[in-house]
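Contents: one structure, followed by commentary.
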Amino acid sequence: MVNFAKMMDNVKASEIRELLALTQRPEVTSFAGGLPAPELFPVQDFKKACDAVLDEQGTVALQYGTTDGWAPLRKQIAERMLAKNSIHADPKDILLTAGSQQGLDYAGRVFLDPGDVVIMESPSYLGAINAFKLSQPRFVEIPTDENGMIMSELEKVLATTKNVKLIYVIPDFQNPSGRTWPLERRKEFMEIITKYEIPVVEDNPYGDLRYKGEFLPALKSMDTKNLVIYLGTFSKILAPGTRIAWMCANPEYINKFNLLAQAAVLQTSTFGAMAVSKYLEMFDIDAHVEKIRAVYGHRAGVMVQAMKDYFPEGVTFTDPDGGLFTWAVLPDYIDTKVMASQCLAKNVAYVPGAGFFPNGGNNHCMRLNYSCAGDEQIVNGIRIIGDIIKANLK
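For the sequence shown, the numbering used here gives the first residue as 15, with consecutive numbering after it.
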């Protein structure tokens, strides 16, 4: 009999991935994924960038590279973070990763021993929960309101809890809730973090996708003690298939992440990084992002209006200012996992909310994605979900 490592007891199949496998049928309207719309991928422009890389530096692109990643791209990322997120960073403080998920894995492994505490918003990103579980920590959830994490509750936990090693947050258009922290809450958070000196993972995959209101500075831009590890990615603004993302942190942290990368993957794709770099050089990515924002902003508006029209009284939901998701909270006696099967029987899919709470419970929530569906699909799908919610009301 084969004995597997105890770590594998904490590795569970992603509910989202399993659900997505069920939604591949063309007749299913899926609000389940967090996928960018494939019709918006800049296929022809990216092909030109790839061709240019192979024509100009093909032998370099197809060879091994350094663990920290293609230096010109790290320089471009540093310049973009300064322009877009008010983050001052040296390229040497950036490590390229195979998607933000790899950055989450590295953060968990570097900071968490079994039994250590990781603090997260309640709810929080399922992928981060699964990544951190490998290190066998204890999860402490901080309650949230319409403006994100409640800072008085965070302060209480930090004042009374031992072995807090890491805090994970998504201040912009959070997955799954769609909420965004206002400026004052960001400032308050950084005051608390500076006081307690706890490392923070600031995950920002959606920050460029704002449809309403003003762009807000990243937590990393307010970081006076170099505690914040900033995760960024090209998945949502270019294409997830490139698997090019990055971590930005102080040199001590980056050195630890670099050592892990050497052991785990040696490096991210040289060709992928060079292709993304060449795309940034040849084309205007901000003009491309504007097109994405216009489409997603429209689809978000269609979904929110449909929820207003078809969801019954007693159901609350977010009206996001950006990102890919809205979050609905139903009466607490309705199990959205059970209801998901009822919806799937009507060819509509969403993600039940329980998986976004590391300590369980909250079976009456759901996450809805609007980026990959057209107007008619959104309206009809939300109408069907609304009818099934009504059928489950007491």
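Built from N, CA and C at the ideal position, the CB exists for glycine as well.
Everything numeric in this text was worked out from a predicted model, so none of it was measured.
Cα-Cα separation, Asn373 to Glu155:
Between Asn373 and Glu155, the C-alpha separation is close to 8 Å.
Thinking C-beta only, is Met165 closer than 8 Å to Glu202?
A contact, by the Cβ cut-off of 8 Å.
Comparing alpha-carbon positions, which option in Ala275, Asp300, Phe229, Glu266 lies nearest Glu251?
Note that residue 251 is Ile in the sequence shown here, rather than Glu. The shortest C-alpha separation from Ile251 is found at Asp300.
According to DSSP, is Arg152 part of a helix, a strand, or is it coil?
In this structure, Arg152 counts as strand in the three-state DSSP scheme.
Inter-residue Cα distance where the pair is Lys62 and Ala253
Between Lys62 and Ala253, the C-alpha separation is close to 15 Å.
Taking 8 Å as the threshold (C-beta atoms), are Val215 and Tyr267 in contact?
No.
From the DSSP output, in three-state form, read off Asn383 for me.
DSSP places Asn383 within a strand segment (E or B) once states are collapsed to three.
Look at the Cβ atom of Leu344, then the Cβ atom of Val329, and state whether they are nearer than 8 Å.
A contact, by the Cβ cut-off of 8 Å.
Closest to Ala263 by CA distance: which of Leu280, Ala363, Ile243 is it?
Ranking the options by Cα distance to Ala263, first place goes to Ile243.
In chain order, what residues of the same chain lie with their CB nearer than 7 Å to the CB of Ile392, ignoring the 5 residues before and after it?
Excluding residues within five positions, the ones whose Cβ falls inside 7 Å are Arg313, Val316, Met317, Ala320, Tyr384.
How about Ser291 and Gln58: do their beta carbons lie closer than 8 Å?
No, they are not a contact pair.
Kindly give me the distance between the Cβ atoms of Ala232 and Ser100, rounded to whole angstroms, as I take these residues to be in contact under 8 Å.
7 Å between Cβ atoms; contact.
Any idea which residues DSSP pairs Thr111 with across the strands?
Partner(s): Ala259.
List the residues that DSSP assigns as beta-bridge partners of Phe339.
Within the DSSP bridge table, the entry for Phe339 names Asn383 as partners.
What residue range is occupied by the uninterrupted alpha helix (DSSP H) comprising Lys250?
That residue, Lys250, is in no alpha helix (DSSP H); it is neither H nor E in DSSP.
Expressed to the nearest angstrom, what Euclidean distance is found between the alpha-carbon atoms of Val74 and Thr284?
Rounded to the nearest angstrom, the gap between the Cα atoms of Val74 and Thr284 is 8 Å.
Contact under 8 Å by Cβ, Lys147 with Asn24
Yes.
Distance check for Asn240 and Leu412, CA to CA, integer angstroms please.
Because the chain in this structure spans residues 15 to 408, residue 412 falls outside the shown range and cannot be described.
In DSSP terms, what Pro366 is bridged to
Under DSSP, Pro366 forms a beta bridge with Met380.
Beta-carbon contacts of Leu223 that lie in its chain and below 8 Å, excluding the five residues immediately before and after:
Hits under 8 Å: Phe187, Lys250, Ile251, Val303, Ile306, Arg307, Tyr310, Gly336, Gly337, Leu338.
Where do the N-terminal and C-terminal ends of the alpha helix (DSSP H) with Ser355 fall, by residue?
Ser355 -> alpha helix (DSSP H) spans 350 to 359.
According to DSSP, which residues form a beta bridge with Phe331?
DSSP, once it has assigned bridges, lists Ala342 as partnering Phe331.
Using the three-state DSSP reduction, which class does Ile181 fall into: helix, strand or coil?
Correct three-state label for Ile181: strand.
Could you tell me which of Gly227, Lys170, Val16, Pro190 sits nearest to Lys209, measuring between CA atoms?
Scanning Gly227, Lys170, Val16, Pro190 for the CA closest to the CA of Lys209 turns up Lys170.
Three-state secondary structure (DSSP) of Asp65:
For Asp65, the three-state secondary structure derived from DSSP is helix.
Going by DSSP, what residue range makes up the beta strand (DSSP E) through Met134?
In the DSSP assignment, Met134 falls within the unbroken beta strand (DSSP E) covering 131 to 136.
Could you give the first and the last residue of the continuous beta strand (DSSP E) run that contains Val215?
Val215 -> beta strand (DSSP E) spans 214 to 217.
Excluding sequence positions up to five away, which residues of its chain have a Cβ less than 7 Å from the Cβ of Ile398?
Shown here for Ile398: same chain residues with a beta carbon closer than 7 Å to its own, the five before and five after excluded, namely Cys357, Lys360, Val362 in chain order.
Would you report the Cα separation of Phe153 and Cys379, rounded to the nearest angstrom?
When rounded, the distance between both Cα atoms is 20 Å.
Cβ-Cβ distance between Ala85 and Pro56 below 8 Å
Not in contact: Ala85 and Pro56 (Cβ atoms no closer than 8 Å).
Of the choices Pro52, Gly369, Pro196, Gly221, whose alpha-carbon is the least far from that of Cys386?
For Cys386, the nearest C-alpha among the options comes from Pro52.
Extent of the continuous alpha helix (DSSP H) run through Ala308:
For Ala308, the enclosing alpha helix (DSSP H) covers residues 299 to 324.
Report yes if the CB atom of Glu135 is closer than 8 Å to the CB atom of Met95, and no otherwise.
In this structure, Met95 does not lie closer than 8 Å to Glu135 by Cβ.
Are the beta-carbon atoms of Gly246 and Asn269 separated by less than 8 Å?
The answer is no: Cβ separation not under 8 Å.
Between the alpha carbons of Phe248 and Gly286, how many angstroms are there, rounded?
Cα to Cα, Phe248 sits roughly 11 Å from Gly286.
Check the C-beta distance from Leu382 over to Thr81 and give it rounded, since I have them as a contact under 8 Å.
Not confirmed; about 39 Å, so no contact.
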